[in-house]
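Trainee: Quick one: the structure is below, and I'll ask about it shortly.
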Amino acid sequence: MEQLYPQAATELQHRNPFELLIATVLSAQATDASVNKATPALFQRYPDAFALAQATPEEVEPYIKTIGLYRSKARNIVLLARRLVEQHGGEVPVDKAKLRALPGVGWKTATVVLGAAFGVPGIAVDTHLTRLAARLGLSAQKDPEKIGGDLERLFPKEKWVFVHHALILFGRYRCTARNPKCQDCPLYSDCLSKGAW
DNA sequence: ATCCCGAGGG
DNA sequence: CCCTCTGGAT
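What follows is the structure in structure tokens.
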């Protein structure tokens, strides 16, 4: 039987909100696996926001060399830590708007962190979900926040995490950007594109 | 060789 | 809206 989804989605493996936040920001343009690999040394050297806030981006760079975008990311996470110290007592705020206001934290990252660090359910919209929403006509706009809200309204809160994972995998491996596997697609009748990508 | 899990800036 | 950043996946 054909394997529907190649490798099981890896996950960020971190312990506290600070680590989760930093790891999530870092994972924007890298795989979870490479983030998990680079991160232990980083957090041993900079265990909390206070430690990281005192570092310079140049000092941090070596720790995340293997992660994409390391130059801007090194700067980003240092600025992020400084804002955490200055505005939130070194803690990660449990508030989507406050998270969203942090440098390097967009809507998707804020939603993921809230879920992973504090168990707050939410549907984090990435490019896969954006594409899926467009093809299924679930959301007229491309704004991730709008799409996330539409999706969340469509399903009961207890299902959000499941729905999120299912749709992400479906979008990534089946309803792909190019050459989507439309054969036997269970959503074909609801699709606005119908193979006309 | 080409594409891209996202954020910020133009 | 479009672009860039950049290592890694395909």
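The first sequence begins at 12 in the numbering used here and counts up one residue at a time.
Idealized CB from N, CA, C, for every residue including glycine.
Mapping DSSP to helix, strand and coil, what is P132?
Mentor: Walking along the first sequence from the start, residue 132 turns up at place 121. Coil.
Trainee: Among residues of its own chain, excluding the 5 on either side of T138, which ones have a beta-carbon nearer than 7 Å to its beta-carbon?
Mentor: Reading the first sequence from its first residue, position 127 is the one you call residue 138. None.
Trainee: Roughly how many angstroms lie between the CA atoms of V174 and G182, to the nearest whole one?
Mentor: For this step, residue 174 is matched to residue 163 along the first sequence. For this step, residue 182 is matched to residue 171 along the first sequence. Their Cα atoms are separated by approximately 12 Å.
Trainee: How is G159 classed by DSSP in three states: helix, strand or coil?
Mentor: On the first sequence, residue 159 is found 148 positions in, with the first residue counted as 1. Looking at G159 - three-state DSSP - the assignment turns out to be helix.
Trainee: Could you name the residues of the same chain whose beta carbon sits closer than 6 Å to that of D195, not counting the 5 residues immediately before and after it, in chain order?
Mentor: Position 184 of the first sequence, counting from 1, holds the residue named residue 195. Result list for D195: empty, nothing under 6 Å.
Trainee: Spatial neighbours of V124 within its chain, please: C-beta separation below 8 Å, excluding the five flanking residues on both sides.
Mentor: In the first sequence, residue 124 corresponds to position 113, counting from 1. Within the same chain, V124 has close Cβ partners P28, L31, L32, T35, V103, L110 and V116.
Trainee: By DSSP, does V71 sit in helix, in strand, or in coil?
Mentor: Looking up residue 71 in the first sequence gives position 60. In this structure, V71 counts as helix in the three-state DSSP scheme.
Trainee: Is the stretch 127-136 close to the stretch 89-98, with three or more CB pairs under 8 Å?
Mentor: The answer is no - the stretch 89-98 does not touch the stretch 127-136, with fewer than three Cβ pairs under 8 Å.
Trainee: Need the endpoints of the alpha helix (DSSP H) that H235 sits in, please.
Mentor: Only positions 12 to 208 of the chain appear in this structure, which leaves residue 235 out of reach.
Trainee: Can you tell me whether K84 is buried or exposed, with buried defined as 16 or more other CB within 10 angstroms of its CB?
Mentor: The residue you call residue 84 lines up with position 73 of the first sequence. Residue environment for K84: buried (at least 16 other C-beta atoms within 10 angstroms of its C-beta).
Trainee: Note the first and the last residue of the continuous alpha helix (DSSP H) segment covering Y57.
Mentor: As a working note, residue 57 is residue 46 in the first sequence. From DSSP, Y57 is part of no alpha helix (DSSP H); its letter is neither H nor E.
Trainee: To the nearest angstrom, how far is it from the Cα of V46 to the Cα of L23?
Mentor: Within the first sequence, numbered from 1, the residue matching residue 46 stands at position 35. Within the first sequence, numbered from 1, the residue matching residue 23 stands at position 12. Their Cα atoms are separated by approximately 7 Å.
Trainee: Could you compute how far the alpha carbon of I150 sits from the alpha carbon of R142?
Mentor: In the first sequence, counting from the first residue as 1, residue 150 sits at position 139. In the first sequence, counting from the first residue as 1, residue 142 sits at position 131. The question names Ile, but residue 150 in the sequence shown is Ser. Going by the C-alpha atoms only, they are around 10 Å apart.
Trainee: Go ahead and label K119 buried or exposed: buried means 16 or more other beta carbons lie within 10 angstroms of its beta carbon, across all protein chains shown.
Mentor: Start at 1 with the first residue of the first sequence, and residue 119 comes out as number 108. It is buried - the Cβ of K119 has at least 16 other Cβ atoms within 10 Å.
Trainee: With a Cβ-Cβ cutoff of 7 Å, do A135 and I78 count as a contact?
Mentor: To locate residue 135, count along the first sequence from 1; it is residue 124. To locate residue 78, count along the first sequence from 1; it is residue 67. No; because the gap between Cβ atoms is not below 7 Å, this pair is not in contact.
Trainee: With a Cβ-Cβ cutoff of 7 Å, do L203 and G148 count as a contact?
Mentor: Mapped onto the first sequence, residue 203 falls at position 192. Mapped onto the first sequence, residue 148 falls at position 137. Cβ atoms of L203 and G148: closer than 7 Å.
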